[in-house]
Amino acid sequence: GESVGLHLPTLSVQEGDNSIINCAYSNSASDYFIWYKQESGKGPQFIIDIRSNMDKRQGQRVTVLLNKTVKHLSLQIAATQPGDSAVYFCAENAGGTSYGKLTFGQGTILTVHP
Amino acid sequence: DGGITQSPKYLFRKEGQNVTLSCEQNLNHDAMYWYRQDPGQGLRLIYYSQIVNDFQKGDIAEGYSVSREKKESFPLTVTSAQKNPTAFYLCASSVTGKYRENIQYFGAGTRLSVL
Chain D
58 GESVGLHLPT LSVQEGDNSI INCAYSNSAS DYFIWYKQES GKGPQFIIDI
108 RSNMDKRQGQ RVTVLLNKTV KHLSLQIAAT QPGDSAVYFC AENAGGTSYG
158 KLTFGQGTIL TVHP
Chain Y
150 DGGITQSPKY LFRKEGQNVT LSCEQNLNHD AMYWYRQDPG QGLRLIYYSQ
200 IVNDFQKGDI AEGYSVSREK KESFPLTVTS AQKNPTAFYL CASSVTGKYR
250 ENIQYFGAGT RLSVL
């Protein structure tokens, strides 16, 4: 039978296409968000972050959009390359007394076909 | 070469045995964290430390212990009380744990398996 947690959302794109990876969060108190990339067998790498007083932030080939009304975060990757293939996680910081504590989403598998 | 070093890369535990995973950072970061990652899942926080000689339980601390005697080091012991220890363990650090805007940087991980 199926095991909970083994079926991550997946996104398959062709090289050169733009990719959009989505993340829903549930804690309305969250005010800081980070996107990480994790390649197989490695630790997560920081991609980009955004504060809750912003709705968009751009980096090199990446853009993060934040919609606080519907508690939704997205990561856009322009001109996706095979090296972008990885699992992408969003993480949120709800603050409170555990300022440094991040809560991670389940992740999305991105596969880029040459 | 600055960064976070985890060792060993692979570790095997026998029944009833305690094992210790090493995490060292030379980034001069105050805060350090341990996460557990199971296949196809996100990261779950085991323990974190905002400053030397202080640490707090995360969401899944049962069966684990830590110490923070030095700023650079945050070893994790997986005790025999942890009945399902097979997982990928990740250590992270951040400049400080005292603010919400707090990028965590990760090591390469240790994969623990039970014999």
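Chains as they are written, first to last, in our numbering: chain D, 58 to 171; chain Y, 150 to 264.
C-beta atoms are modelled at their ideal positions from N, C-alpha and C, and glycine is treated no differently.
In this text, all values refer to a predicted model and were calculated from it rather than measured experimentally.
From Y:Asn-175 to Y:Tyr-197, what does the alpha carbon distance come to, in whole angstroms?
Within the second sequence, the letter at position 26 stands for residue 175 of chain Y. Within the second sequence, the letter at position 48 stands for residue 197 of chain Y. Each residue's alpha carbon lies about 17 Å from the other.
Using the C-alpha atoms, what's the distance from Y:Ala-236 back to Y:Ser-229?
Reading the second sequence from its first residue, position 80 is the one you call residue 229 of chain Y. Reading the second sequence from its first residue, position 87 is the one you call residue 236 of chain Y. Rounded to the nearest angstrom, the two C-alpha atoms are 15 Å apart.
Can you grab the Cα-Cα spacing for the pair Y:Tyr-159 / Y:Arg-260, in whole Å?
To locate residue 159 of chain Y, count along the second sequence from 1; it is residue 10. To locate residue 260 of chain Y, count along the second sequence from 1; it is residue 111. Answer to the nearest angstrom: the Cα atoms are 5 Å apart.
From the DSSP output, read off the bridge partner residues of Y:Gln-203.
Mapped onto the second sequence, residue 203 of chain Y falls at position 54. Per the sequence shown, residue 203 of chain Y should be read as Asp rather than Gln. Per DSSP, Y:Ile-200.
Please confirm whether Y:Thr-169 and Y:Pro-234 have their CB atoms less than 9 Å apart.
Taking the second sequence and counting its residues from 1, the one referred to as residue 169 of chain Y is at position 20. Taking the second sequence and counting its residues from 1, the one referred to as residue 234 of chain Y is at position 85. The answer is no: Cβ separation not under 9 Å.
Quick test of your reading: Y:Tyr-213 and Y:Ile-200, contact by CB under 8 Å. State the CB separation rounded to the nearest angstrom.
Residue mapping note: residue 213 of chain Y aligns to position 64 of the second sequence, counting from 1. Residue mapping note: residue 200 of chain Y aligns to position 51 of the second sequence, counting from 1. The pair is not a contact, with the Cβ atoms about 20 Å apart (cut-off 8 Å).
Quick one: residues in its chain with C-beta nearer than 7 Å to the C-beta of Y:Val-263, no 5 flanking neighbours on either side, listed in chain order?
Position 114 of the second sequence, counting from 1, holds the residue named residue 263 of chain Y. Excluding residues within five positions, the ones whose Cβ falls inside 7 Å are Arg-162, Pro-234, Thr-235.
Between the region 97 to 129 of chain D and chain Y, which residues of the former have CB atoms less than 7 Å from a CB of the latter, in chain order?
Lys-99, Gly-100, Pro-101, Phe-103, Asp-106, Arg-108
9 Å Cβ cutoff, D:Thr-160 in contact with chain Y
Start at 1 with the first residue of the first sequence, and residue 160 of chain D comes out as number 103. Output row for D:Thr-160: interface = yes.
How many Å lie between Y:Gln-186 and Y:Leu-192 at the Cα?
Position 37 of the second sequence holds residue 186 of chain Y. Position 43 of the second sequence holds residue 192 of chain Y. Distance between the alpha carbons of Y:Gln-186 and Y:Leu-192: 5 Å.
Do we get a CB-CB distance below 9 Å when we pair Y:Phe-223 with the residues of chain D?
In the second sequence, the residue the question calls residue 223 of chain Y occupies position 74. No - not a single Cβ of chain D is within 9 Å of the one on Y:Phe-223.
Does the Cβ of D:Thr-126 have 16 or more other Cβ atoms within 10 Å, making it buried, or fewer, making it exposed?
For this step, residue 126 of chain D is matched to residue 69 along the first sequence. Looking at its Cβ environment, which holds fewer than 16 other Cβ atoms inside 10 Å, D:Thr-126 is exposed.
From the DSSP output, in three-state form, read off D:Asp-106 for me.
Taking the first residue of the first sequence as 1, we reach residue 106 of chain D at position 49. Strand at D:Asp-106.
Considering only the alpha carbon of each residue, which of D:Asn-75, D:Val-121, D:Pro-101, D:Tyr-89 lies closest to D:Gly-164?
By one-based count along the first sequence, residue 164 of chain D stands at place 107. That would be D:Pro-101, whose Cα lies nearest to the Cα of D:Gly-164.
Reference Y:Ile-153, options Y:Leu-239, Y:Thr-226, Y:Thr-245, Y:Glu-250, closest by Cα:
Here residue 153 of chain Y refers to the residue found at position 4 when the second sequence is read from its first residue. Per the Cα distances, Y:Leu-239.
To which residues does DSSP link Y:Val-244 through a beta bridge?
Start at 1 with the first residue of the second sequence, and residue 244 of chain Y comes out as number 95. Its beta-bridge partners do not exist; DSSP assigns none.
Indicate whether at least one CB of chain Y lies closer than 9 Å to the CB of D:Asn-84.
Here the question's residue 84 of chain D lines up with position 27 in the first sequence. No, its Cβ sits nowhere closer than 9 Å to a Cβ of chain Y.
Inter-residue Cα distance where the pair is D:Phe-103 and Y:Asn-167:
Translated into the one-based positions of the first sequence, residue 103 of chain D becomes position 46. Translated into the one-based positions of the second sequence, residue 167 of chain Y becomes position 18. Rounded to whole angstroms, D:Phe-103 to Y:Asn-167 spans 32 Å at the Cα level.
Could you tell me which chain Y residues have their CB closer than 8 Å to the CB of D:Phe-146, listed as they occur along the chain?
Position 89 of the first sequence, counting from 1, holds the residue named residue 146 of chain D. Here the neighbours are Gly-191, Leu-192.
Is the CB-CB distance between D:Ala-143 and D:Glu-96 below 9 Å?
Translated into the one-based positions of the first sequence, residue 143 of chain D becomes position 86. Translated into the one-based positions of the first sequence, residue 96 of chain D becomes position 39. Closer than 9 Å, so yes.
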